[in-house]
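For the protein sequence lines, the chains are A and B, in the order given. Residue 241 is where the first sequence ends in this note's numbering, and the numbering goes up by one at each step. Residue 345 is where the second sequence ends in this note's numbering, and the numbering goes up by one at each step. Let me begin by presenting the structure, written as structure tokens, before commenting on it.
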Amino acid sequence: MTPVLELEDVSVAYGGIPAATGVSLRVAAGSIVTVIGPNGAGKSTLLNAVMGVLPAEGRIRFGGRDLRGDGVEARVQAGMSLVPERRELFASMSVEDNLRLGAFRHRAEGRAAATRGLDAIFAAFPRLLERRRQRAGTLSGGERQMLAMARALMARPALLMLDEPSLGLAPLIVRDIFHAITELRRTGVAILLVEQNARAALEVSDHGYVLETGRITLQGPSAELASDPRIVELYLGHGTR
Amino acid sequence: MDPTIIAILVQDGVVNGAIYALLALSLVLVFAVTRVIFIPQGEFVAYGALTYAALDAGQMPGSVWLLCGLGAAACAASLRAEWRRLSPRRLARLLAGTLALPAAVLLATRELAPLQPGVLVQALLALLIVTPMAPYLYRVAFRPLAQASVLVLLIAAVGVHLAMGGLGLVFFGPEGSRATGFSEDSLELGPLIVPGQSLWIVGLTVALMLGLYGFFEFTLYGKALRATAVNRLGARLVGIGTAQSGEIAFSLAGVIGALSGILIVPLTTVYYDTGFIIGLKGFTAAIIGGMASYPGAALAALGVGVLESFSSFWASAFKEVIVFTAIIPVLLWRSLRGGVVEDEE
Numbered sequence: 001m002t003p004v005l006e007l008e009d010v011s012v013a014y015g016g017i018p019a020a021t022g023v024s025l026r027v028a029a030g031s032i033v034t035v036i037g038p039n040g041a042g043k044s045t046l047l048n049a050v051m052g053v054l055p056a057e058g059r060i061r062f063g064g065r066d067l068r069g070d071g072v073e074a075r076v077q078a079g080m081s082l083v084p085e086r087r088e089l090f091a092s093m094s095v096e097d098n099l100r101l102g103a104f105r106h107r108a109e110g111r112a113a114a115t116r117g118l119d120a121i122f123a124a125f126p127r128l129l130e131r132r133r134q135r136a137g138t139l140s141g142g143e144r145q146m147l148a149m150a151r152a153l154m155a156r157p158a159l160l161m162l163d164e165p166s167l168g169l170a171p172l173i174v175r176d177i178f179h180a181i182t183e184l185r186r187t188g189v190a191i192l193l194v195e196q197n198a199r200a201a202l203e204v205s206d207h208g209y210v211l212e213t214g215r216i217t218l219q220g221p222s223a224e225l226a227s228d229p230r231i232v233e234l235y236l237g238h239g240t241r
Numbered sequence: 001m002d003p004t005i006i007a008i009l010v011q012d013g014v015v016n017g018a019i020y021a022l023l024a025l026s027l028v029l030v031f032a033v034t035r036v037i038f039i040p041q042g043e044f045v046a047y048g049a050l051t052y053a054a055l056d057a058g059q060m061p062g063s064v065w066l067l068c069g070l071g072a073a074a075c076a077a078s079l080r081a082e083w084r085r086l087s088p089r090r091l092a093r094l095l096a097g098t099l100a101l102p103a104a105v106l107l108a109t110r111e112l113a114p115l116q117p118g119v120l121v122q123a124l125l126a127l128l129i130v131t132p133m134a135p136y137l138y139r140v141a142f143r144p145l146a147q148a149s150v151l152v153l154l155i156a157a158v159g160v161h162l163a164m165g166g167l168g169l170v171f172f173g174p175e176g177s178r179a180t181g182f183s184e185d186s187l188e189l190g191p192l193i194v195p196g197q198s199l200w201i202v203g204l205t206v207a208l209m210l211g212l213y214g215f216f217e218f219t220l221y222g223k224a225l226r227a228t229a230v231n232r233l234g235a236r237l238v239g240i241g242t243a244q245s246g247e248i249a250f251s252l253a254g255v256i257g258a259l260s261g262i263l264i265v266p267l268t269t270v271y272y273d274t275g276f277i278i279g280l281k282g283f284t285a286a287i288i289g290g291m292a293s294y295p296g297a298a299l300a301a302l303g304v305g306v307l308e309s310f311s312s313f314w315a316s317a318f319k320e321v322i323v324f325t326a327i328i329p330v331l332l333w334r335s336l337r338g339g340v341v342e343d344e345e
């Protein structure tokens with residue numbers, strides 16, 4: 001079966017400095033794949049390159065199609081969604097407007113279809129329903145992360161990429177976020193998750209990659225990685241959150 | 001100064017202020033969406049006015065040829081930028097928008113211009129000739145620079161302004177023009193005689209503002225434009241094309257500029273370079289409004305209009321000086337208050 005996403009020997013430079021080198025990675029349909037690694041290993045850079053925000057060398061295939069030359073908008077149109085580390089919400093607009101714009105890709109289907117999508121999202125994230133008229137900029141950190149994920153899901157993507165969804169959030173809310181990620185599995189969307197919180201990331205994912213100073217140093221099924229002595233010592237040993 | 005004079009000056013100020021408000025809104029809009037400080041806004045006023053005046057005189061306006069030329073250039077620029085991703089449907093849309101549309105406008109102008117079909121048809125035709133130039137210019141001059149700094153975009157805008165100014169002289173000549181107004185009637189309010197054209201100006205300005213409000217508040221594309229202005233990366237991540245938003249913003253600026261020109265040419269003689277100073281006053285209002293707030297810019301524009309009419313009464317030689325000097329205390333106040341207006345991204 002063709003993987004949803006396939007990276008082959010991908011290198012990305014950020015501000016002239018190589019941030020990721022020769023990365024190869026695949027995400028199978030409906031699976032959750034995580035990339036863990038220390039701060040500054042190039043995890044976010046990699047996601048931004050896959051999304052087309054940063055230029056990359058090497059081959060990036062999405063649904064078997066080479067994405068070379070496609071901009072961010074074309075990749076969204078093709079079915080990719082990225083929830084970036086900084087969320088990038090429309091702060092001065094309402095929660096509902098943020099969500100409706102998330103479905104911009106499906107604008108041809110009309111307003112009624114968008115409203116149905118909105119209802120489904122509100123059912124999954126009831127907190128956002130309570131806040132639907134509120135400006136996105138006034139939400140708490142956890143709600144903002146929820147909104148960013150919900151906005152990305154409004155596009156009904158084939159691949160959802162999450163960049164550090166737990167960053168800066170309280171442990172209880174982190175648990176909610178990861179719960180939401182496991183719930184998403186049932187919708188069939190493939191997820192590429194980048195996390196510093198290795199323990200939680202390996203718990204929810206099927207397959208994991210370890211990225212260190214821009215290179216993949218280890219990979220395997222998440223359960224195996226979670227019991228790998230080196231991983232345990234470096235990333236899980238001190239009871240990371 | 002007696003109350004009648006004050007009333008006349010205020011009325012004058014409000015009418016001019018309405019035009020400045022439209023221009024200020026479109027400057028804020030274009031800047032928020034594309035980061036371009038749209039210096040050529042004034043050229044659109046002059047082109048709109050002079051195209052309408054030429055049609056009013058039963059002549060073929062030269063600007064229609066510029067429309068065709070710009071359409072072809074925009075077509076070439078888009079083909080170059082998108083040739084890899086061009087589906088047959090998109091190609092058809094591109095050719096229709098950049099080649100067929102100007103050709104149709106050219107034919108219509110040829111048929112209609114000698115007939116002098118009346119003010120409304122002439123105004124519509126002038127809008128059709130001048131408005132599409134704005135999105136074409138965006139494709140040719142600004143879209144390839146979309147990732148450039150505000151300063152580079154400003155320099156490109158100055159270049160477009162100079163080019164359009166020069167071409168305006170070629171197409172319309174150095175003489176000024178005036179044209180028939182939308183209404184010859186006037187309204188008497190006590191000692192005040194309000195010309196019908198002034199009512200048209202204020203009425204259309206209010207209607208256009210309400211229309212823009214509805215567009216931004218209630219339509220998906222309007223919201224997409226706002227989203228682009230609020231967070232450019234966020235907008236791209238939900239699939240809103242920067243190029244598409246830019247084109248819509250420029251089209252609105254084109255309509256607003258051309259319509260402003262059509263509205264003022266019955267009241268004042270317009271030369272090929274008159275637009276610049278009018279545009280600058282809109283710019284003054286936009287700056288006073290902080291380049292970010294639409295109601296702020298509109299209110300400031302009314303203020304600029306009234307200030308201008310009073311200063312032309314008291315010290316007509318210093319009229320422009322007073323209006324443009326008003327920017328300095330506002331900028332001082334803004335910078336002392338510590339609000340950073342716009343950073344380079």
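Here a beta-carbon is modelled for each residue, glycine too, at the ideal position from N, C-alpha and C.
Count the other CB atoms, across all protein chains shown, that sit within 10 Å of the CB of Ala96/B; report buried if there are 16 or more and exposed otherwise.
exposed
Quick one, which of Gly241/B, Val206/B, Glu217/B has its alpha-carbon nearest Val15/B's?
Val206/B
Could you tell me which chain A residues have their CB closer than 8 Å to the CB of Gly296/B, listed as they occur along the chain?
Those do not exist, as Gly296/B stays about 14 Å from chain A at its closest Cβ, beyond 8 Å.
If we call anything under 8 Å between Cβ atoms a contact, is Ala258/B one with Asp56/B?
no
Name the residue from Pro114/B, Arg139/B, Trp65/B whose alpha carbon lies nearest to the alpha carbon of Arg80/B.
Arg139/B
Let's see if you can read the secondary structure: which residues bound the beta strand (DSSP E) around His106/A?
Run containing His106/A: none; DSSP gives neither H nor E here.
Show which residues of chain B have a CB atom less than 7 Å away from the CB atom of Arg107/A.
Leu220
Taking 7 Å as the limit between beta carbons, can you name the residues of its chain near Phe250/A, skipping five residues before and five after?
With chain A running from 1 to 241 in the structure shown, residue 250/A is simply not present.
Using only the alpha-carbon positions, how far apart do Arg337/B and Ser205/A sit?
One Cα belongs to Arg337/B, the other to Ser205/A, and the distance between them is close to 50 Å.
What residues in the segment 222-252 of chain B have a beta carbon less than 7 Å from any beta carbon of chain A?
Lys223, Ala224, Arg226, Ala227, Val230, Asn231, Leu233, Gly234, Arg236, Leu237, Val238, Gly239, Ile240, Gly241
Relative to chain A, which residues along the segment 81-105 of chain B have a C-beta separation below 7 Å, given in chain order?
Arg84, Arg85
Is it buried or exposed, Asp12/B, if we count other Cβ atoms within 10 angstroms and call 16 or more buried?
buried
Would you say Val194/A reaches chain B, if we count a Cβ-Cβ gap shorter than 8 Å as a contact?
no
If contacts are defined as beta-carbon pairs under 8 Å, then Gly282/B and Gly17/B qualify, I think. What distance do you get, rounded to the angstrom?
Gly282/B to Gly17/B, Cβ: 10 Å. No contact.
Hey, does Gln134/A have any beta-carbon neighbour from chain B nearer than 8 Å?
With 8 Å as the cut-off, Gln134/A does not count as an interface residue toward chain B.
Give the DSSP-derived three-state secondary structure of Lys61/A in the structure shown.
According to the sequence displayed, residue 61/A carries Arg and not Lys. If DSSP states are grouped into helix, strand and coil, Arg61/A belongs with the strands.
Curious, which full-length beta strand (DSSP E) runs of at least 3 residues does the segment 192-256 of chain B contain?
As far as the segment 192-256 of chain B is concerned, its whole beta strand (DSSP E) runs of at least 3 residues are 192-195.
Under 7 Å between beta-carbons, which chain B residues line up against Phe90/A? List them in chain order, please.
Ala227, Val230, Asn231, Gly234
Relative to chain B, which residues along the segment 153-172 of chain A have a C-beta separation below 9 Å, given in chain order?
Interface annotation for the segment 153-172 of chain A against chain B: Met154, Ala155, criterion Cβ-Cβ distance under 9 Å.
As a quick exercise: from Ile248/B, Glu188/B, Thr4/B, pick the residue whose alpha carbon is nearest that of Phe31/B.
Ile248/B
Using the three-state DSSP reduction, which class does Arg84/B fall into: helix, strand or coil?
In this structure, Arg84/B counts as helix in the three-state DSSP scheme.
Under the rule that 16 or more other beta-carbon atoms within 10 Å means buried, what is Met133/B, buried or exposed?
Counting C-beta atoms within 10 angstroms of its own C-beta, Met133/B has 16 or more neighbours from the protein chains shown and is therefore classed as buried.
Determine whether the beta carbon atoms of Arg151/A and Glu143/A lie at a separation below 8 Å.
no
Do Arg156/A and Ala91/A have their beta-carbon atoms positioned less than 8 Å apart in this structure?
no
Given a threshold of 16 other Cβ atoms within 10 Å of its Cβ, counted over all protein chains shown, does Asn98/A qualify as buried or as exposed?
Flag for Asn98/A reads buried.
If you draw a straight line from the alpha carbon of Gln122/B to that of Arg116/A, how long is it in whole angstroms?
For Gln122/B and Arg116/A, the distance between alpha carbons rounds to 45 Å.
Residue range of the beta strand (DSSP E) that Gly220/A falls in?
215-221
Taking C-beta to C-beta, are Pro102/B and Leu67/B nearer than 8 Å?
yes
Taking 8 Å as the cut-off, decide whether the C-beta atoms of Val270/B and Ile262/B are in contact.
no
In chain B, which residues lie less than 7 Å from Gly243/A when you measure between Cβ atoms?
What the structure shows of chain A is the stretch from 1 to 241, and residue 243/A is not part of that stretch, so it cannot be assessed.
Would you report the Cα separation of Leu22/B and Val50/A, rounded to the nearest angstrom?
42 Å
So Ala297/B is in the alpha helix (DSSP H); what residue range does that whole segment cover?
294-314 is the extent of the alpha helix (DSSP H) around Ala297/B.
Ignore the nearest five residues each way along the sequence and tell me which others in Ala200/A's own chain have a CB closer than 6 Å to its CB.
Phe178
Kindly confirm or deny that the segment 33-48 of chain A and the segment 11-22 of chain A touch, where touching means at least three C-beta pairs closer than 8 Å.
yes
With DSSP collapsed to three states, give me the class of Val10/A.
strand
Would you kindly report the start and end of the unbroken alpha helix (DSSP H) that includes Glu43/B?
For Glu43/B, the uninterrupted alpha helix (DSSP H) run begins and ends at 41-56, by DSSP.
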